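Trainee: Chains as they are written, first to last, in the numbering used here: chain A, 184 to 246; chain B, 28 to 365.
Ideal Cβ positions, reconstructed from N, Cα and C, are used throughout, including at glycine.
All values reported here derive from a predicted model rather than from experimental measurement.
If you scroll down you'll find the structure; I have some questions about it.
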């Protein structure tokens, strides 16, 4: 699915400059917002990864 | 005319006092170190490294941490994305026992000797302590003999005793910042309440892990105050975090601590705490980047958290293990902690 919303701030991808968000996601943050619907996700961080669950669009993992 | 008294150079004094005699710097001396010009950072870090090697040895203690209960905390620690009082995007979550066992296994597989179970709470209730008890049992049943630490907020004496009985060997409870600055950071409980928990932990025979976060608006003088207050506690371990300005928290727009300032802090804390395990914890990725982490390891730090943190991500564990290998710093073995 195409990312419509920023996983860091939850705002529309085309709405503003998300370069700072991208840096945070690259360096220290798991996604907090679903990229499809912008719902806040339940995120569990573990030593080796993370799991983010959207109540509508299911689970994403760090892989 | 009388000549002005020669100003004593703080690093010269530290060499004799800390390196030779193992006596930590005073508050005034720590402030002098924090106020050094940037061109003296290499000299400071070299001395801090010598102090660490002399009084702690070459080994590095590696630890992994995991959040057992995330978010929804009633306290208002202004730096924390897990407080229920701020509009943070972090939602509440509980890690189940199989997840906890997997996290402990992942940590053990890195060669770490410490695994810290953390919960975002004021203090543990019966449900949380029961979950910790079941978790510790399950980790052992998995054949994992890693040392288990906990960080569950403020404790009663009964809860301290219960953790000891479970076999928890170290307890983390950060004082976070100088006593004089604490009321600006947290209003829902006091620095003294935290101190009381630490005292009970120590008296019960658990190791004390107590550090804080740099970059929460404290002055350099308060940073020095914090270092000597920690020294007075004589903790077994001091985790040193650098503020991650997390969205939704009152500190979301605070600047990231500059690398040079952070390195001076690392060196100064080592000179205040010559015998303590000084651990690189959260925020180093933003503050230092890759290069600075190496400088810190050569500037007095002798422990790291590998992998991810509680709600933020860290560097992949292997990158830190490779760094330690490159620096010829041996990882502390489990047998030496028992």
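Looking at chain B, is there any beta carbon in it that lies within less than 7 Å of the beta carbon of residue 229(A)?
Mentor: Taking the first residue of the first chain as position 1, residue 229(A) is located at position 46. It does; some Cβ of chain B falls within 7 Å.
Trainee: Which word fits residue 16(B), buried or exposed, when buried means at least 16 other C-beta atoms lie within 10 angstroms of its C-beta?
Mentor: Any property of residue 16(B) remains undetermined from this structure, which presents chain B solely from 28 to 365.
Trainee: Name the two residues that bound the continuous alpha helix (DSSP H) containing residue 232(B).
Mentor: For the purposes of this step, residue 232(B) is identified with residue 205 of the second chain, where counting begins at 1. Counting along the chain, residue 232(B) falls outside any alpha helix (DSSP H), and DSSP gives it neither H nor E.
Trainee: Below 7 Å on C-beta distance, what does residue 338(B) contact in chain A?
Mentor: Mapped onto the second chain, residue 338(B) falls at position 311. The answer, in chain order, is 228.
Trainee: Looking at the secondary structure, which residues open and close the alpha helix (DSSP H) in which residue 266(B) lies?
Mentor: Here residue 266(B) refers to the residue found at position 239 when the second chain is read from its first residue. Premise fails: residue 266(B) lies in the beta strand (DSSP E), 264 to 269, not in any alpha helix (DSSP H).
Trainee: Under a Cβ-count criterion, where at least 16 other Cβ atoms within 10 Å of its own Cβ denotes burial, should residue 109(B) be classed as buried or exposed?
Mentor: Translated into positions along the second chain, residue 109(B) becomes position 82. The residue is buried, with at least 16 neighbouring Cβ atoms inside 10 Å.
Trainee: I want to know whether the stretch 96 to 107 of chain B touches the stretch 344 to 363 of chain B - three or more CB-CB distances under 8 Å.
Mentor: Output reads no: the stretch 344 to 363 of chain B does not touch the stretch 96 to 107 of chain B.
Trainee: Could you work out which residue in 281(B), 275(B) and 330(B) is closest to residue 267(B) when comparing CA atoms only?
Mentor: For the purposes of this step, residue 267(B) is taken as residue 240 along the second chain, with counting starting at 1. It is 330(B) whose Cα lies nearest to the Cα of residue 267(B).
Trainee: Between which two residues does the alpha helix (DSSP H) holding residue 79(B) run?
Mentor: On the second chain, residue 79(B) is found 52 positions in, with the first residue counted as 1. Run containing residue 79(B): 68 to 82, per the alpha helix (DSSP H) assignment.
Trainee: Strictly below 7 Å CB to CB, what residues from chain B border residue 212(A)?
Mentor: Along the first chain, one-based indexing puts residue 212(A) at 29. 339 and 340, listed in chain order.
Trainee: With 16 as the cutoff for other CB atoms within 10 Å, does residue 239(A) come out buried or exposed?
Mentor: By one-based count along the first chain, residue 239(A) stands at place 56. Under this definition residue 239(A) is an exposed residue.
Trainee: Determine, using beta-carbon pairs with one atom in the stretch 148 to 168 of chain B and one in the stretch 113 to 120 of chain B, whether at least three such pairs fall under 8 Å.
Mentor: The stretch 148 to 168 of chain B is not in contact with the stretch 113 to 120 of chain B.
Trainee: Count the other C-beta atoms from every protein chain shown that fall within 10 angstroms of the C-beta of residue 395(B), then say buried if there are 16 or more, exposed otherwise.
Mentor: Past the boundaries of the shown model lies residue 395(B); chain B is included only from 28 to 365, so the question cannot be answered.
Trainee: Run down chain A in chain order and give the residues with a C-beta less than 7 Å from the C-beta of residue 52(B).
Mentor: For the purposes of this step, residue 52(B) is taken as residue 25 along the second chain, with counting starting at 1. Per Cβ cutoff of 7 Å: no residues; residue 52(B) is ~32 Å from chain A at best.
Trainee: DSSP three-state label for residue 207(B), please.
Mentor: Locating residue 207(B) in the second chain gives position 180, counting from the first residue. Three-state result, residue 207(B): coil.
Trainee: For residue 239(B), report the span of its beta strand (DSSP E) as first-last.
Mentor: On the second chain, residue 239(B) is found 212 positions in, with the first residue counted as 1. It spans 239 to 241 - the beta strand (DSSP E) in which residue 239(B) sits, taken as one unbroken run.
Trainee: In terms of residues, what are the limits of the alpha helix (DSSP H) holding residue 286(B)?
Mentor: Residue 286(B) sits at position 259 when you count from the first residue of the second chain. That run of the alpha helix (DSSP H) goes 286 to 299.
Trainee: Please report how far the alpha carbon of residue 241(B) lies from the alpha carbon of residue 253(B), in whole angstroms.
Mentor: The count along the second chain starts at 1 and reaches residue 241(B) at position 214. The count along the second chain starts at 1 and reaches residue 253(B) at position 226. About 10 Å.
Trainee: Inspect the beta-carbon positions of residue 284(B) and residue 269(B) and report whether they are closer than 7 Å.
Mentor: Start at 1 with the first residue of the second chain, and residue 284(B) comes out as number 257. Start at 1 with the first residue of the second chain, and residue 269(B) comes out as number 242. Cβ distance < 7 Å, so residue 284(B) and residue 269(B) count as in contact.
Trainee: Straight-line CA distance for residue 256(B) to residue 47(B)?
Mentor: The residue given as residue 256(B) occupies position 229 in the second chain. The residue given as residue 47(B) occupies position 20 in the second chain. Rounded to whole angstroms, residue 256(B) to residue 47(B) spans 22 Å at the Cα level.
Trainee: Taking 7 Å as the CB-CB cut-off, is residue 225(A) touching chain B?
Mentor: On the first chain, residue 225(A) is found 42 positions in, with the first residue counted as 1. At least one chain B Cβ lies under 7 Å of residue 225(A).
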